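Residue numbering for the sequence shown follows the working numbering, starting at 35 and increasing by one per position.
Just so you know, even glycine gets a beta-carbon here, dropped at the ideal spot from N, CA and C.
Because the structure is a prediction, the values reported are computed rather than measured.
Single-structure report; data block below.
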Amino acid sequence: MTSEKVKGPASYFPSIEQKYGRSIAEWQALIRQRMPAKHMELVAMLKDDHGMGHGHANALVAHTLAEAGDGGDTAA
35 MTSEKVKGPA SYFPSIEQKY GRSIAEWQAL IRQRMPAKHM ELVAMLKDDH
85 GMGHGHANAL VAHTLAEAGD GGDTAA
């Protein structure tokens, strides 16, 4: 039996949890609290307020917006 490798934004999740000390669910809750907002506004919030790198912030926002069915173009 072969385990399939995680792809897309979720592939960043183990390193995000390890580096920033919060679960993905906690990060997603934080992102949802700031919605509605544009994708890049949410990325900037994670970078500016929490010191997150761009790739990690982008992965979290993309995954959270996809789960919410929002393309991230919602006006704040």
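If contacts are defined as beta-carbon pairs under 8 angstroms, then residue i and residue j qualify, I think. What distance do you get, rounded to the angstrom?
{"i": "A63", "j": "V77", "result": "Actually they do not touch by this definition, with Cβ atoms about 17 angstroms apart."}
Count the other CB atoms within 10 Å of the CB of residue i; is the residue buried (16 or more) or exposed (fewer)?
{"i": "P48", "result": "exposed"}
{"i": "V95", "result": "buried"}
{"i": "T70", "result": "Reading off the sequence shown, one finds Pro at residue 70, where the question assumed Thr. With fewer than 16 other Cβ atoms within 10 Å, it is exposed."}
{"i": "A93", "result": "buried"}
{"i": "M74", "result": "exposed"}
In its own chain, which residues sit with a C-beta less than 7 angstroms from the C-beta of residue i, not counting the 5 before and 5 after it?
{"i": "A44", "result": "H97"}
{"i": "M79", "result": "R68"}
{"i": "I65", "result": "L76, L94, V95 and T98"}
Go through its chain and collect everything with a Cβ distance to residue i's Cβ below 6 angstroms, but skip five positions before and after it.
{"i": "I58", "result": "F47"}
Could you tell me which whole alpha helix (DSSP H) segments of length 4 or greater appear in the stretch 59–85?
73–84
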